[in-house]
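A short write-up of the structure that comes next.
Protein chains: 2
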Amino acid sequence: MTATRKRIELTEVVMRDGLQIEPAIVPTDTKVALIDQLSEQGYARIEVSSFVSASAVPALADAAEVFARIRRRPGTVYSALVMTPRGAARALAAQADELSLVVSASEAHNRANAGRDIDTSFDGFAEIALLARDTPATLCGAIAMSFGCPLEGDIPFERVLGLVGRYANLGVRSVSLADTTGMGYPTQIAALCEAALRRFPDVRIGLHLHDTRGLGLANVHAALGVGIERFDASLGGLGGCPFAPGASGNICTEDLVHMLELMGYDTGVDLDTLIALRPALENAVGHALHGHVGRAGPCHRLARA
Amino acid sequence: MTATRKRIELTEVVMRDGLQIEPAIVPTDTKVALIDQLSEQGYARIEVSSFVSASAVPALADAAEVFARIRRRPGTVYSALVMTPRGAARALAAQADELSLVVSASEAHNRANAGRDIDTSFDGFAEIALLARDTPATLCGAIAMSFGCPLEGDIPFERVLGLVGRYANLGVRSVSLADTTGMGYPTQIAALCEAALRRFPDVRIGLHLHDTRGLGLANVHAALGVGIERFDASLGGLGGCPFAPGASGNICTEDLVHMLELMGYDTGVDLDTLIALRPALENAVGHALHGHVGRAGPCHRLARA
Chain A
1 MTATRKRIEL TEVVMRDGLQ IEPAIVPTDT KVALIDQLSE QGYARIEVSS
51 FVSASAVPAL ADAAEVFARI RRRPGTVYSA LVMTPRGAAR ALAAQADELS
101 LVVSASEAHN RANAGRDIDT SFDGFAEIAL LARDTPATLC GAIAMSFGCP
151 LEGDIPFERV LGLVGRYANL GVRSVSLADT TGMGYPTQIA ALCEAALRRF
201 PDVRIGLHLH DTRGLGLANV HAALGVGIER FDASLGGLGG CPFAPGASGN
251 ICTEDLVHML ELMGYDTGVD LDTLIALRPA LENAVGHALH GHVGRAGPCH
301 RLARA
Chain B
306 MTATRKRIEL TEVVMRDGLQ IEPAIVPTDT KVALIDQLSE QGYARIEVSS
356 FVSASAVPAL ADAAEVFARI RRRPGTVYSA LVMTPRGAAR ALAAQADELS
406 LVVSASEAHN RANAGRDIDT SFDGFAEIAL LARDTPATLC GAIAMSFGCP
456 LEGDIPFERV LGLVGRYANL GVRSVSLADT TGMGYPTQIA ALCEAALRRF
506 PDVRIGLHLH DTRGLGLANV HAALGVGIER FDASLGGLGG CPFAPGASGN
556 ICTEDLVHML ELMGYDTGVD LDTLIALRPA LENAVGHALH GHVGRAGPCH
606 RLARA
C-alpha cells in the first residue's frame, strides 16, 4: 500500500532556520546529536547549517565542525545555506551535498539580509555555480519574500518568476519560493506556484512557509492542489529571519507530517519518533516549542500504540 | 467590488462554545457588553448561550437574562443551543431567533454529552420541532464527532449522512458538521462535505471545526473547494467540549476572517474592529487568547492604517 502513495519531499530546516534566531547558542555536540537523530527520520533533505558571517549569525558559527562530525544517512541530502562565493567555498570544503542559495524578491530585504542588491547577489551565485561545477555538490535556490514583504509590500508575480528564471539560467534545478514573514494566502500561493510550474517545467519548485498568521497548512493544502511536492518545515515550528521584521516560526514539521500522512501522502518521516525528538530540542533551545500535534498527539488513525 | 465577492456566513460561537469550558464564570453584564460589541461586527449569526442544565454548564446558567438584555442588530441571527424540549421552551420564551440542536455521530459521546442515546435525542428534537412550529424561530442542527471520535474512533460517512437526513426529515434546513475534537483532515472533510451537499441539496451544510491538531484553516480551505459557505468560529480561538476528551479551541475567528478576506470572500466582518475586541475578552476570561493574526497583525493588504 505504501508504494502507491505519492511521495512528498520534506526538508528539515530547524538546525539552520530554526536555530539562527535562537538567543541561546546550542553547543556543537548537541547539534550533532540532534542532526544524527533527525537523519534517522527519513527526510529527503536536512539543512545542516549556514556558511555565513559568524558575526551576523553567531548561532551557526560552527557549521564546518557540525558537517565534519555528523553521520550521513544514504538517501538524505545534507545542505548548507551560503550567500557568497567565500561561504560556498567553505561549504564545499565541508562536503555539503547541496549549496542552498538565497536571494530576496524584495530589494530592501535583500539589502537587509544579504547586504547587497539582487543583481550583486546573482553575480555571486554565478561564481558559486562555477565553484560547484566540478564537485559532487548540487545547487538549490530560495527566493525570500516571494509572497509579500513587510518592507516593500506586495511583490509582483513576474518579479518572482524572473528570479526563478535567473536561477535556472545558472543551472539551478530546484527553487524554493519562501513566504519569509507569513504574508501568503491560499489563492495567491496556488496561483504563483501554478505559474512557476508551468513556466519552468524543468525546475523542481518547492515552498518554504512560515505560520506567522496561521495560514501555513492551509497554504500547503493549496499548493498540493496545484502539484507542489516539496516543502520545508521546522521541528517544533522554530525559526524566522533575523533581518525581516515580524518573521516568526516556520511551519511545524510534526503538524505537516500529520496532515500529509492523513491525506495519504508518503513523507518518509515517522511521526511518532519525530515527536519523541521534541524534548531534546526543547532542552537545547531552553524553551517550549510550537506546534499542535506535539501537544495534542496525533489522531488515533496515525497512532501506532 | 464588494458586491462581486462571494459571501461566507460566519457564526460567532465564543459566547457559547468558548465560555462553556472556561473555569471563570463571566458576569452577565460583561457577556451582554461583549455580545453587543460582537453584534456590530456584522456576523451572520451569533450563538448567544445555551439552555441546558445549569449544573452541567454553570458558565451559561444566565442564558435567559443575557437574551433579555442584548441589543439585537437586524441581519444577525441570535441562536441558542438546546438539547431537550424543556431547554427549547426556555429558549423560545427568551425569543431566540434560532434553536441550535446537537446530536453526536458517536453513541458514546452522545451519552457523555447529552445523557441519552441518539434515537432518544431525535425523539426530543421531534418535540422541539413541534414547539417551534408556530413561532418565528428556526432550527439548525449540529452533528458532533462527524469526523472521528476519541471514544469510538472512525465514524462512517454513512452514519453522519443518515443523521443529516434525520434532521432534514424534521424540517431542519441548516446542518453543521462538527469536528469536535479536531480529528478531521482536508481530504476527509472535502469528501464528507461533498457527499452531504450532493445528497441534501435543500439543506445548508456548514462546518464547525476545532484546531486541536493545527488543521483548522487547512480544513476550511478544503471545504471551500467543494462549496461549503458556512463556518462557525470563536473569537480568540476559545472553546471545547467539556464532555469530549482532548477537545481544544475552535478555529479562531480573526485568523479565519483574515484568510477569507485575503482570498476575496466577503465575511461581513471587519477584521480590525474584531481584533480590537480581544483585550475585553481576555479580561473576561482572565487569560491570553489563541490565534495568530491577533498577535502578528493582519497582512498589510488588509491593514486599514
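These protein sequence lines map, in sequence, to chains A and B.
According to the working numbering, the first sequence holds residues 1 to 305 in order.
According to the working numbering, the second sequence holds residues 306 to 610 in order.
Backbone N, C-alpha and C define an ideal beta-carbon position, used for all residues, glycine too.
Given the structure is predicted, the values throughout are model-derived calculations rather than measurements.
query = So which residues of chain B does A/Gly291 contact, with C-beta pairs closer than 9 Å?
reply = Gly519
query = Would a C-beta distance cut-off of 8 Å place A/Glu47 and A/Val13 closer than the cut-off?
reply = yes
Cβ pair B/Leu404, B/Ser451 closer than 8 Å = no
message = Looking only at its chain, what residues have a beta carbon closer than 6 Å to the beta carbon of A/Leu101, apart from the 5 residues adjacent to it on each side?
response = Phe125 and Gly141
query = Hey, out of B/Val531, B/Arg438, B/Gly541 and B/Arg518, whose CA is closest to B/Met320's CA?
reply = B/Gly541
ask   = What separation, rounded to the nearest whole angstrom, lies between the Cα atoms of A/Ser151 and A/Pro186?
value = Strictly speaking, residue 151 of chain A in this sequence is Leu, with Ser absent from that position. Whole-angstrom Cα-Cα distance: 22 Å.
key: Beta-carbon proximity check, A/Leu262 vs A/Leu207, cutoff 8 Å   = no
inquiry  = On the criterion of 16 or more Cβ atoms from any shown chain inside 10 Å, does A/Pro298 qualify as buried, or is it exposed?
reply    = buried
ask   = Roughly how many whole angstroms lie between the Cα atoms of B/Gln493 and A/Asp272?
value = 22 Å
query = Would you say A/Asp62 and A/Gly239 are within 8 Å of each other, going by their C-beta atoms?
reply = no
query = Which stretch, first to last residue, makes up the beta strand (DSSP E) that contains B/Ile510?
reply = Arg509 to Leu514
query = Going along the chain, which residues of its own chain have a beta-carbon closer than 6 Å to the beta-carbon of B/Ala523, five neighbours each way excluded?
reply = Pro491
query = Nearest-angstrom Cα distance between A/Ala222 and B/Asp439?
reply = 46 Å
ask   = Which value, in whole angstroms, describes the spacing of the CA atoms of B/Arg312 and B/Gly554?
value = 25 Å
key: Residues that B/Thr492 contacts on chain A, provided the C-beta gap is smaller than 8 Å   = Leu262, Met263 and Gly264
task = Buried or exposed for B/Leu561, please, with buried defined as at least 16 other CB atoms from any protein chain shown within 10 angstroms of its CB.
result = buried
ask   = Do you know how far the Cα of B/Leu475 is from the Cα of B/Glu463?
value = 19 Å
query = Relative to the alpha-carbon of B/Gly458, which residue among B/Val469, B/Ala410, B/Ser384 and B/Arg391 has its alpha-carbon at the smallest distance?
reply = B/Ala410
message = Considering only their Cβ atoms, is the gap separating B/Gly489 from B/Leu514 smaller than 8 Å?
response = yes
ask   = B/Gly521: buried (16+ other C-beta within 10 angstroms of its C-beta) or exposed?
value = buried
message = So with CB distances below 7 Å, who are the chain A contacts of B/His526?
response = Pro186, Ala218, His221 and Ala222
Beta-carbon spacing of A/Asp97, A/Ala59 below 8 Å = no
ask   = Between the stretch 250-284 of chain A and chain B, which residues of the former have a C-beta closer than 8 Å to a C-beta of the latter?
value = Cys252, Asp255, His258, Met259, Leu262, Met263 and Gly264
task = Put A/Cys299 into one of helix, strand or coil per three-state DSSP.
result = coil
key: Beta-carbon gap between B/Gly519 and A/Gly291 smaller than 8 Å   = yes
key: chain B residues whose Cβ lies nearer than 8 Å to that of A/Asp17   = Simply none; closest approach about 18 Å.
request  = Starting from B/Ala500, follow the alpha helix (DSSP H) in both directions and report where the run begins and ends.
outcome  = Pro491 to Arg504
ask   = For B/Met450 and chain A, any beta-carbon pair shorter than 8 Å?
value = no
Element boundaries [alpha helix (DSSP H), containing B/Val465] = Phe462 to Asn474
task = Check the C-beta distance from A/Leu177 over to A/Ile205 and give it rounded, since I have them as a contact under 8 Å.
result = 7 Å
request  = In the DSSP assignment, find the alpha helix (DSSP H) that holds B/Arg438 and state where it starts and stops.
outcome  = Ile423 to Arg438
Alpha carbon of B/Cys557 to alpha carbon of B/Ala585, nearest angstrom = 16 Å
request  = Output, in chain order, the set of chain B residues within a Cβ distance shorter than 8 Å of A/Cys299.
outcome  = Gly453, Met488, Tyr490 and Arg518
inquiry  = Among A/Ala68, A/Leu131 and A/Ala144, whose alpha-carbon lies nearest the alpha-carbon of A/His109?
reply    = A/Ala144
ask   = How is the alpha helix (DSSP H) around B/Ala316 delimited, first residue to last?
value = Looking at the sequence itself, residue 316 of chain B is Thr, so the reference to Ala does not match. Premise fails: B/Thr316 lies in the beta strand (DSSP E), Glu314 to Glu317, not in any alpha helix (DSSP H).
message = Assuming B/Asp484 is part of the beta strand (DSSP E), what are its boundary residues?
response = Ser479 to Asp484
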